[in-house]
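Per my numbering: the sequence shown = residues 47 to 282. We put the CB at the ideal spot given by N, CA and C, even for glycine. The structure presented is a predicted model; accordingly, all values stated were derived computationally and were not measured. Following: one structure in C-alpha cells, then a few remarks.
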Amino acid sequence: NPATYRRGAAAVCLVLAGVLSATFIVLAAAPGWGSDGVARLQAVVDAGGTATVSFLAFAAYQLPLMIGLLGVAHLLRGRTPLLANLGATLAGVGAIGYAVYGGSQLVIPAMVADQSNLELFAQLRTDAEPLTEPFAALGMVGSVLGLLLLSIALWRAKLGPRWIPVTLWGFLAVEFAGTALSPAASGPVSAVLLLVALLSLAVLIQRSPVSAWTSAVDMPSLVEHGDEHPGAVTAG
Numbered sequence: 047n048p049a050t051y052r053r054g055a056a057a058v059c060l061v062l063a064g065v066l067s068a069t070f071i072v073l074a075a076a077p078g079w080g081s082d083g084v085a086r087l088q089a090v091v092d093a094g095g096t097a098t099v100s101f102l103a104f105a106a107y108q109l110p111l112m113i114g115l116l117g118v119a120h121l122l123r124g125r126t127p128l129l130a131n132l133g134a135t136l137a138g139v140g141a142i143g144y145a146v147y148g149g150s151q152l153v154i155p156a157m158v159a160d161q162s163n164l165e166l167f168a169q170l171r172t173d174a175e176p177l178t179e180p181f182a183a184l185g186m187v188g189s190v191l192g193l194l195l196l197s198i199a200l201w202r203a204k205l206g207p208r209w210i211p212v213t214l215w216g217f218l219a220v221e222f223a224g225t226a227l228s229p230a231a232s233g234p235v236s237a238v239l240l241l242v243a244l245l246s247l248a249v250l251i252q253r254s255p256v257s258a259w260t261s262a263v264d265m266p267s268l269v270e271h272g273d274e275h276p277g278a279v280t281a282g
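So, in C-alpha cells, the structure goes:
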C-alpha cells in the first residue's frame, strides 16, 4: 500500500533523525574547542572515536530529518498550508546546507590521525572556510526557521499534543541561545528536547489515518468521479 509506505517512511525517518541528532550533540567535541584551528583539532584528538561518530551522525541525520519534516508538513497542509509549505521548504534547504557542510567536516578525523601536522591541517581548514561556511550558515538559518514555522503550524492546527511544539521551541532556545552561555550544559538538554520532539512527531504520524497519505494516483476512481482527495485535512 503506497499510503502506508509513505506514512511509515516519514515516521521511521523522524526516529532515525532523533537518534542521530542526539548522538551528534552528545558526542560532539565542540564544548572543549579552543579559539584557534589547532586547538579545535586537538579537541577532536582528545575526544577520540566519539568525535568521529559525532561527525558521521551530523552528516547522516540531515536526509531523514528532511524526509520526516516533509511528512509533518504533509499532515499540516490542509489546516496551515502556508506555514507548512514554507516551513518544510526552509527545513529542506537547511538540511541540504548542513549535509554539505557536514560532509566537508568528515575529513577532520583523517587530519587528526596525523598529529604532527595539525598546524598545516588547521591552516587548510581556515583556507576552506570561504567555501564551507556559507553552507553552514544556510543550514543554520534554514533549520531554525523551518522548525520554528512548522512548530507554529502544529500549534495553530492543534495537531497532536500541545507540548510537542513547545518542546521544539525549547530546543531552539537551548541550542542557539543556551550554547552561547554554557555549551557543556546545553548540549545534553538540547539533545533530549530534540529527541523527544522528533520521536513524538513520529508517533503522531504513525497514528494518523492512512487516508491522509493516499493520493488520487493511488485511487483512480477518485479522479474519474471528481471526488475530494481523501488525504485532505479540513480546517478545524
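For this session: Would you mind working out which of Asn47, Asp82, Val58 and Ile71 sits nearest arginine 171, comparing C-alpha positions?
Result: As a working mapping, residue 171 is identified with position 125 in the sequence shown. Of the candidates Asn47, Asp82, Val58 and Ile71, the one whose C-alpha sits nearest the C-alpha of arginine 171 is Asp82.
Problem set entry | Pick from Thr126, Leu152, Phe217 and Leu194 that is closest to valine 242, judged by C-alpha positions | Here the question's residue 242 lines up with position 196 in the sequence shown. Nearest option by C-alpha distance: Phe217.
Exercise. In angstroms, rounded to a whole number, what distance separates the CA positions of leucine 239 and glycine 138?
Worked result: Numbered from its first residue, the sequence shown carries residue 239 at position 193. Numbered from its first residue, the sequence shown carries residue 138 at position 92. The straight-line gap from Cα to Cα measures roughly 20 Å.
For this session: My understanding is that leucine 73 touches serine 100, with C-beta atoms under 8 Å, so please give their C-beta distance in whole angstroms.
Result: Numbered from 1 along the sequence shown, position 27 holds the residue referred to as residue 73. Numbered from 1 along the sequence shown, position 54 holds the residue referred to as residue 100. With 8 Å as the limit, leucine 73 and serine 100 qualify as a contact, their Cβ atoms being about 4 Å apart.
Exercise. Alpha carbon to alpha carbon, how far is leucine 102 from leucine 152?
Worked result: By 1-based counting over the sequence shown, the position of residue 102 is 56. By 1-based counting over the sequence shown, the position of residue 152 is 106. So the two alpha carbons sit approximately 7 Å from each other.
Exercise. Using the rule of at least 16 other Cβ atoms within 10 Å of the residue's Cβ for burial, across every protein chain shown, is methionine 112 buried or exposed?
Worked result: Walking along the sequence shown from the start, residue 112 turns up at place 66. Methionine 112 comes out buried.
Problem set entry | Contact under 8 Å by Cβ, valine 84 with alanine 168 | Sequence index remark: in the sequence shown, residue 84 carries index 38 (1-based). Sequence index remark: in the sequence shown, residue 168 carries index 122 (1-based). Yes. Within cutoff.
Exercise. So is alanine 63 buried or exposed if we call it buried at 16+ other beta carbons inside 10 Å?
Worked result: As a position in the sequence shown, residue 63 is number 17, starting the count at 1. Buried: at least 16 other Cβ atoms inside 10 Å.
For this session: Count the CB pairs spanning the segment 206-217 and the segment 135-149 that are closer than 8 Å, and state whether there are at least three.
Result: no
For this session: With DSSP collapsed to three states, give me the class of glycine 206.
Result: In the sequence shown, residue 206 corresponds to position 160, counting from 1. Note: glycine 206 maps to coil in three-state DSSP.
Exercise. In this structure, does DSSP put alanine 183 in helix, strand or coil?
Worked result: In the sequence shown, residue 183 corresponds to position 137, counting from 1. DSSP places alanine 183 in the helix class (H, G or I) of the three-state scheme.
Problem set entry | For proline 255, three-class secondary structure by DSSP | Your numbering for residue 255 matches position 209 in the sequence shown. Coil.
For this session: Look up asparagine 47 in the DSSP assignment and say whether it is helix, strand or coil.
Result: Numbered from 1 along the sequence shown, position 1 holds the residue referred to as residue 47. Residue state, collapsed to three classes: coil.
For this session: Classify aspartate 173 as helix, strand or coil using the three-state DSSP reduction.
Result: Translated into positions along the sequence shown, residue 173 becomes position 127. Note: aspartate 173 maps to helix in three-state DSSP.
For this session: Might you give, ordered along the chain, the residues of its own chain that have their beta carbon closer than 6 Å to the beta carbon of leucine 244, omitting 5 neighbours on each side?
Result: For this step, residue 244 is matched to residue 198 along the sequence shown. Leu60, Ala63 and Gly64, listed in sequence order.
Exercise. Which of the three DSSP states, helix, strand or coil, is assigned to alanine 159?
Worked result: The sequence position of residue 159 within the sequence shown is 113, counting from 1. Alanine 159 falls in the coil class under three-state DSSP.
Exercise. Helix, strand or coil: which one does DSSP assign to threonine 98?
Worked result: As a first step, residue 98 must be located in the sequence shown, where it is residue number 52. Note: threonine 98 maps to helix in three-state DSSP.
Exercise. Leaving out the 5 sequence neighbours to the left and right, which residues in its chain are closer than 6 Å to alanine 56 when beta-carbon positions are compared?
Worked result: For this step, residue 56 is matched to residue 10 along the sequence shown. Residues of the same chain with a CB within less than 6 Å of the CB of alanine 56, apart from the 5 flanking positions on each side, are Gly114, Gly117 and Ile251 in chain order.
For this session: Note down, one range per segment and in chain order, each beta strand (DSSP E) of at least 3 residues found wholly within the segment 87-148.
Result: none
Exercise. Alanine 74 by DSSP, collapsed to three states: which one?
Worked result: Position 28 of the sequence shown, counting from 1, holds the residue named residue 74. Three-state DSSP puts alanine 74 in coil, outside helix and strand.
Exercise. CA-CA distance, valine 256 and alanine 262?
Worked result: Taking the first residue of the sequence shown as 1, we reach residue 256 at position 210. Taking the first residue of the sequence shown as 1, we reach residue 262 at position 216. Our two residues, valine 256 and alanine 262, have alpha carbons roughly 13 Å apart in a direct line.
Exercise. Nearest-angstrom Cα distance between leucine 87 and isoleucine 154?
Worked result: Position 41 of the sequence shown, counted from the first residue, corresponds to residue 87. Position 108 of the sequence shown, counted from the first residue, corresponds to residue 154. The straight-line gap from Cα to Cα measures roughly 8 Å.
Problem set entry | Short Cβ contact (8 Å threshold) for alanine 49 with threonine 260 | Walking along the sequence shown from the start, residue 49 turns up at place 3. Walking along the sequence shown from the start, residue 260 turns up at place 214. Yes, Cβ-Cβ distance for alanine 49 and threonine 260 is below 8 Å.
Problem set entry | Coil, strand or helix - serine 261 by DSSP | For this step, residue 261 is matched to residue 215 along the sequence shown. DSSP places serine 261 in coil when its eight states are reduced to three.
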